[in-house]
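Heads up: the structure comes next, in structure tokens.
Residue numbers (this note's numbering): 1175 to 1341.
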């Protein structure tokens, strides 16, 4: 019985992220003629992937794992109240988010994206640490590791996001 609230808590957090992301991107469009996302990933560009692999090894692998496997029990809050680093491989939920949302989380942090300044996470904010191009490179490298079916599904999520901006 004690495990059920933790699972629901993670599912609730995921739902909150999706709703907040949709609201964030709807507000960005503001009823005006929307522009395409500024930060599209480039998982098929070898030069971008070389940069992304280097940055991932330096900045991300210690928490998210060398192969993107994440930390054990990543859906359960630790004694510090924080969620462990989730996987970025096909078993995680990274690929459920459009490029622009992944970019925003990496650059500005989840608390800003969900408009909850007191939200605590162990994930560093990389704005001021990595350039926009470096953030795109590391996220591109992550996407390049996904199986082709997951990449295809992520592309569909990006297409849906772009269509929502055009409304």
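Positions of the beta carbon are idealized from the N, C-alpha and C atoms, including for glycine.
Counting along the chain, where does the alpha helix (DSSP H) carrying residue i start and finish?
{"i": "residue 1248", "result": "Unbroken run through residue 1248: none, as it is neither H nor E."}
{"i": "residue 1220", "result": "1220-1229"}
{"i": "residue 1238", "result": "1235-1238"}
Of all the options the options, which has the alpha carbon lying nearest to the alpha carbon of residue i?
{"i": "residue 1311", "options": "1213, 1222 and 1218", "result": "1222"}
{"i": "residue 1219", "options": "1286, 1269, 1249 and 1318", "result": "1318"}
{"i": "residue 1269", "options": "1252, 1323 and 1306", "result": "1323"}
{"i": "residue 1212", "options": "1326, 1341 and 1306", "result": "1306"}
{"i": "residue 1295", "options": "1328, 1334 and 1252", "result": "1252"}
{"i": "residue 1281", "options": "1267, 1245, 1233 and 1330", "result": "1233"}
{"i": "residue 1320", "options": "1230, 1250 and 1262", "result": "1262"}
{"i": "residue 1301", "options": "1288, 1292, 1289 and 1284", "result": "1284"}
{"i": "residue 1215", "options": "1340, 1339, 1341 and 1325", "result": "1325"}
{"i": "residue 1257", "options": "1309, 1264, 1230 and 1245", "result": "1245"}
{"i": "residue 1230", "options": "1308, 1329 and 1340", "result": "1308"}
{"i": "residue 1293", "options": "1236, 1265 and 1255", "result": "1255"}
{"i": "residue 1328", "options": "1247, 1271 and 1303", "result": "1271"}
{"i": "residue 1236", "options": "1260, 1249 and 1288", "result": "1260"}
{"i": "residue 1241", "options": "1266, 1249 and 1247", "result": "1266"}
{"i": "residue 1243", "options": "1249, 1264, 1341 and 1250", "result": "1264"}
- request: Kindly provide the ranges of any alpha helix (DSSP H) runs that are 4 or more residues long and lie completely inside the stretch 1252-1321, ordered along the chain.
  value: Taking only runs of at least 4 residues, the alpha helix (DSSP H) segments lying wholly in the stretch 1252-1321 are 1273-1282, 1284-1287 and 1306-1318.
message: With three or more beta-carbon pairs closer than 8 angstroms as the criterion, would you say the stretch 1312-1322 touches the stretch 1221-1241?
response: yes
message: Taking 8 angstroms as the cut-off, does the stretch 1332-1341 touch the stretch 1263-1278 (at least 3 CB pairs, one atom from each stretch)?
response: yes
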